[in-house]
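Enquirer: Residue numbers (this note's numbering): 804 to 880.
Note that CB positions come from ideal geometry on N, CA and C, so glycine has one too.
Just passing along the structure, written as structure tokens.
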Amino acid sequence: MPGGANRDVVTCAICGKPAVRGAVVDAKRGVDAFPFCSFRCQTIDLGKWLSEEYRIPEGDDQSEGVVSVDGDEPGKT
Ligand SMILES: [Zn+2]
């Protein structure tokens, strides 16, 4: 079936170059850079996700901080 090999070639989400499955392999770790064109692009993508994760708790922290203020007992002075 011709055309079935198409899934082994995708566009790198970082730089837009074609990424070929099995083309960039780290022999020591036995891993493939696919679906990125290189391990450099794979690392860049990982860094993006990590920075996104750090951002989320910052915005959500406000609602949690209000709870501790409500638990303050009167007459404790
Ligand atoms: Zn790339």
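Give the single residue among Ala-816, Gly-878 and Val-812 whose Cα lies nearest to the Cα of Gly-825.
Expert: Val-812
Enquirer: Please report the distance separating the alpha-carbon of Val-828 from that of Asp-835.
Expert: 4 Å
Enquirer: Skipping 5 residues on each side, what residues in its chain have a beta carbon closer than 6 Å to that of Cys-815?
Expert: Ala-822, Phe-839, Cys-840 and Cys-844
Enquirer: Could you please give me the residues that DSSP links to Pro-877 through a beta bridge?
Expert: In DSSP, Pro-877 forms no bridge with anything.
Enquirer: For Asp-848 and Lys-831, I'd like the C-alpha separation in whole angstroms.
Expert: The alpha-carbon atoms of Asp-848 and Lys-831 are separated by roughly 21 Å.
Enquirer: Roughly how many angstroms lie between the CA atoms of Phe-842 and Ile-817, to the nearest whole one?
Expert: 11 Å
Enquirer: Let me see if you follow: with CB-CB separation under 8 Å, is Thr-814 close to chain B or not?
Expert: As a matter of chain content, chain B is missing from the structure shown, which is built from one protein chain.
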